[in-house]
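Chains as they are written, first to last, in the numbering used here: chain A, -13 to 323; chain B, -11 to 264.
Below you'll find the structure, written out as structure tokens, and then a few comments.
See the structure below:
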């Protein structure tokens, strides 16, 4: 026996969470784009998607966010932090790869400096994940040692029932348990079997990849030039990635007052490493693509013990020239030893 | 011999004789319905080339890669009529020497690729003339008519909603053969002319700058629209710009390698309806 949430009770849950002070966010299709956004009823949710086009990262690390307001006066400077408000939020219907992405980024945002903008949002969010029963040609969670039902980063895991009527419910954390409190009366005990999880083929050998990347000789390999020839240098893969976290600080205003903002930045852009002198240490697209792969599968794990990829596959799914992490890691896997 | 085999054989021949140093074409992609750009340097590699109805990308964008044509050697590239028009514009704007570009022309009809005869940009004059005679896309015209019918406020709301999705990944810029500036105005930061933030104002600024710079230059290859990861209907903006210059100046972008850019020339009888 396990706890079951039937689909026809979902609206009761949403109402209960909302009256407990939570906003409920779920995958939606709005203005021809699938993404997480606030919903008031289950009919607004697009739970049939393999994966929304945008990640939930956007709701923790927005593409642009104000940090401080400043005013420069004759003898002093006024500055005021612009921290996000306290927001109790339920993210319903997250995919395991997106939930894992948050957990992968937590140590980065809390390492030498605790990024309050990230954690203020993280600390008040409850992640309700739905295990995947479907995948597409680009999903690659199993290649990075995650699964279509990985619990990493999730507070509650829902497993779709075989009969399609609802989900098996499992609280994974205290926060998850607490979330189920207000909806306890809408859950029931049941013995319905969960549907089998999606079968996602392993597309590359990540151990082999890490071994090759860690070899100093690989850094200057001709491989990087060949594999990245067609890269056009846009930021689509980085901006759709659930773990990419680089940003730029910009002051918008004039000499006397303005707002300092934190804006997404991308290692794919030539400007990313441009020095004031005009020298650019990563002056070709191949060195930028190398950085992206090295960062994800070598440097990040060196610092935080985990690869900075959760296998969602958006980098390939959306790439204008059909590149992405999968192709490069497959090619590394197939390099002669 | 099918079109694919014919071009593979010609590509291998051109590479073997040294007539071209590189062939830019299409090969198998990560799924059966995808084709990806490929760079072929040896006759043996030419076997990887594919040509069919799934080859939609405008590959002329790779010709503006810094340094690619600076050694004076030739490059062969697979191009549809829109790509051939891009070559004409790039030549007219003095960005490439069209003599260095060998064109493997093709068009897609009913999902099938068919050969277009010719090798140099100037060989395709009749193809471009036929494209102009056929007029701007009727499908796009229909789609954009819906926007034209809106009130100014409704239309503003529509674009505000669409631009609010923009994440400034600049895929639309990077994929576009017309965006060859070594430093785009949005990357000029002393001073910072355009907000880098992708809030609604910054997104409006970027998308309007992009649209203006493409007026009379866009060939409607659809690359930006296909590349946009957040599905902004950029085709509608481009279409409107193309329609403006066609209606006002009978100007169709990319007609020839010496066509004067529409915003850099004038005629005595140009309409002056907007001048107060």
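Ideal Cβ positions, reconstructed from N, Cα and C, are used throughout, including at glycine.
query	result
From the beta carbon of residue 269 of chain A, is the nearest beta carbon of chain B less than 8 Å away?	no
So which residues on chain B does residue 215 of chain A lean against when the C-beta distance must stay under 7 Å?	27
Since residue 199 of chain B is in the alpha helix (DSSP H), which residue starts that stretch and which ends it?	188 to 202
Can you have a look at residue 183 of chain B and say buried or exposed, based on whether 16 or more other CB atoms are within 10 angstroms of its CB?	buried
Measuring only the C-alpha atoms, how far is residue 163 of chain B from residue 256 of chain A?	15 Å
List, in chain order, every chain A residue whose beta-carbon is nearer than 9 Å to that of residue 163 of chain B.	218, 220, 306, 307
Thinking C-alpha only, which one of A/-6, A/39, A/6, A/9 is nearest residue 16 of chain A?	A/39
Spatial neighbours of residue 302 of chain A within its chain, please: C-beta separation below 6 Å, excluding the five flanking residues on both sides.	124, 310, 312
Starting from residue 15 of chain A and walking both ways along the beta strand (DSSP E), at which residues does that stretch end?	9 to 16
Locate the beta strand (DSSP E) running through residue 250 of chain A, then write down its first and last residues.	243 to 250
Would you check if there are 3 or more beta carbon pairs closer than 8 Å linking the stretch 37 to 51 of chain A to the stretch 227 to 238 of chain A?	yes
Just to confirm, are residue 183 of chain A and residue 118 of chain A a CB contact at a threshold of 8 Å?	yes
Any beta carbon from chain A within less than 8 Å of residue 153 of chain B's own beta carbon?	yes
Residues of chain A with a CB under 7 Å from the CB of residue 187 of chain B: which are they?	50
Spell out whether any CB of chain A is found under 8 Å from the CB atom of residue 41 of chain B.	no
Hey, how far is the Cα of residue 185 of chain A from the Cα of residue 286 of chain A?	28 Å
Interface residues of chain A around residue 193 of chain B at Cβ under 9 Å?	Per Cβ cutoff of 9 Å: no residues; residue 193 of chain B is ~12 Å from chain A at best.
Do the stretch -11 to 2 of chain B and the stretch 156 to 174 of chain A meet, that is, are 3 or more Cβ pairs less than 8 Å apart?	no
Taking only beta-carbon atoms, is residue -5 of chain B less than 8 Å away from chain A?	no
With 7 Å as the C-beta to C-beta threshold (strictly closer), list the residues of the stretch 127 to 147 of chain A near chain B in chain order.	none
Is the Cβ of residue 249 of chain A closer than 8 Å to any Cβ of chain B?	yes
Where does residue 25 of chain B fall in DSSP's three states?	strand
Straight-line CA distance for residue 6 of chain B to residue 201 of chain B?	37 Å
Which residues in the same chain as residue 76 of chain B place their Cβ atom closer than 8 Å to its Cβ, once the five residues preceding and following it in sequence are excluded?	86, 109, 116, 242, 243, 244, 245, 247
For residue 158 of chain B, go through chain A and note every residue whose CB falls closer than 7 Å to its CB, in chain order.	220, 221
Using a Cβ-Cβ cut-off of less than 8 Å, list which residues of the stretch 6 to 33 of chain B approach chain A; keep chain order.	17, 18, 19, 22, 23, 24, 25, 26, 27
Ignoring anything shorter than 4 residues, give me the alpha helix (DSSP H) runs that lie fully in the stretch 181 to 210 of chain A, in order along the chain.	192 to 200
Roughly how many whole angstroms lie between the Cα atoms of residue 91 of chain B and residue 11 of chain B?	10 Å
Cβ of residue 175 of chain B less than 8 Å from any chain A Cβ?	yes
In chain B, which residues lie with their C-beta within 9 Å of the C-beta of residue 46 of chain A?	Within 9 Å Cβ-Cβ: nothing; residue 46 of chain A doesn't reach chain B, min ~15 Å.
Counting only beta-carbon separations shorter than 8 Å, does residue 88 of chain B have a partner in chain A?	no
State yes or no: is the C-beta of residue 113 of chain A within less than 8 Å of the C-beta of residue 88 of chain A?	yes
Compute the beta-carbon to beta-carbon distance between residue 212 of chain B and residue 229 of chain B, rounded to the nearest angstrom, for a pair I have assumed lies under 8 Å.	In fact, because the Cβ distance is near 12 Å, the residues do not count as touching under 8 Å.
Could you tell me how far apart the beta carbons of residue 276 of chain B and residue 217 of chain B are, in whole angstroms, since I believe they sit closer than 8 Å?	Outside the shown range of chain B (-11 to 264) lies residue 276 of chain B, about which nothing can therefore be said.
In the DSSP assignment, find the alpha helix (DSSP H) that holds residue 69 of chain B and state where it starts and stops.	69 to 80
Measuring only between beta-carbons, confirm whether residue 218 of chain B sits less than 8 Å from chain A.	yes
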